[in-house]
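Trainee: Mind having a look at this structure? Questions to follow.
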């Protein structure tokens, strides 16, 4: 589908049947470089793709940078169906959760809020 300020099509290396991509037409490598109007256009399309397929279980994935598994130097969003609970189809994730103390979380939260307020992004 080609409309407005984005494209969408099926992935050529799907993790499951129906694995689709939504790609903003603005060429930027990472999401934080993308103008907000392009971001605002992406999620409604991802939602429509999920609804059109009747998906109950799916992932929306967007990677930024090589060590974050970005393979293509253009912002894009994956809609990945998860048809089974096992690892045979769909996105398979390892989640190495950390155990910070509540004080550590509060300190980082305060630091982040200060940066956001200072940048005018909040």
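Numbering (the working numbering), first residue to last: 159 to 280. Think of the CB as a built atom: it goes at the ideal place given N, C-alpha and C, for glycine as much as any other residue.
1) Going by the beta-carbon positions, is the gap between residue 235 and residue 179 smaller than 8 Å?
2) Relative to the alpha-carbon of residue 244, which residue among 164, 168, 215 has its alpha-carbon at the smallest distance?
3) Let me know if residue 239 comes out buried or exposed under the rule of 16 or more other beta-carbons within 10 Å of its beta-carbon.
4) Roughly how many whole angstroms lie between the Cα atoms of residue 264 and residue 227?
5) For a test of the three-state rule: what should DSSP assign to residue 202, helix, strand or coil?
6) Note down, in chain order, each residue of its chain lying with its Cβ closer than 6 Å to the Cβ of residue 213, except the 5 sequence neighbours on either side.
7) Are residue 174 and residue 248 closer than 8 Å when you measure CB to CB?
8) I'd like the list of long-range same chain contacts for residue 192, defined as Cβ closer than 7 Å, with 5 residues on each side in sequence excluded.
9) Return helix, strand or coil for residue 243, following the three-state DSSP convention.
10) Per DSSP, what kind of secondary structure is residue 252 in: helix, strand or coil?
11) Helix, strand or coil for residue 178? Go by DSSP, reduced to three states.
Mentor: So, to answer that:
1) yes
2) 215
3) buried
4) 29 Å
5) helix
6) 239
7) yes
8) 182, 184, 186, 233
9) coil
10) coil
11) strand
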